[in-house]
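Contents: one structure, followed by commentary.
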Amino acid sequence: MTDCIFCKIVAGEIPAAAVYDDDQVLAFRDIQPEAPVHIIIVPKRHIATLNDLTPADAELIGRMHLAARQVALDLGVADSGYRTLINCNRDAGQYVFHVHMHLLAGRNLGWPPG
Ligand code: AMP
Ligand code: ZN
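At position 25 of the sequence shown the residue is numbered 24 (numbering that gives the first Met the number 0), and the sequence of numbers has no breaks.
Here it is in structure tokens:
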């Protein structure tokens, strides 16, 4: 998608600090971190929101979680703990319409969120 900021990051047209990269998934540091560790995990293929996933995307969404697990290990927060979340549409505050998982860690994240 030409106008999508995360597609541009995947294409290398906008710089990002990548922490994980495979054939289907890319993870990079959030530009405005809300925690000491704040990573964005995206499918390389454009999908606008969680609502737009189909059963054919089951492996892809699983791979995003496996990427989160690997990032947490690599950044040393697997044991201390981390949170993964996907915002969908207005009430969740989705701002970039290319489905993405946040990985937050490095402080007590509190519960419930929001
Ligand atoms: P959301 O509110 O779930 O749509 O989150 C979008 C996230 O993308 C925010 O946390 C932004 O700080 C982050 N973000 C936006 N543009 C960039 C960028 N160019 N590089 C890294 N993270 C970005
Ligand atoms: Zn996109």
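Positions of the beta carbon are idealized from the N, C-alpha and C atoms, including for glycine.
Note that the structure is a prediction, hence the values are computed from the model and not measured.
Item, Value
"Where the alpha helix (DSSP H) through Val9 begins and ends", "Ile4 to Val9"
"Cross-strand partners of His37 (DSSP beta bridge)", "Leu103"
"Backbone CA spacing between Ala36 and Leu102 [nearest angstrom]", "Note that residue 36 is Val in the sequence shown, not Ala. Their Cα atoms are separated by approximately 8 angstroms."
"Three-state class that DSSP yields for Arg82 in the structure shown", "strand"
"N- and C-terminal bounds of the alpha helix (DSSP H) containing Leu72", "Ala57 to Asp73"
"Residue range of the beta strand (DSSP E) that includes Arg89", "Note, Arg89: premise wrong, no beta strand (DSSP E); alpha helix (DSSP H) at Asn88 to Ala91."
"Three CB pairs or more closer than 8 angstroms across the segment 27-43 and the segment 5-18", "yes"
"Which of helix, strand or coil DSSP assigns to Ala51", "It should be pointed out that residue 51 corresponds to Asp in this sequence rather than to Ala. Correct three-state label for Asp51: helix."
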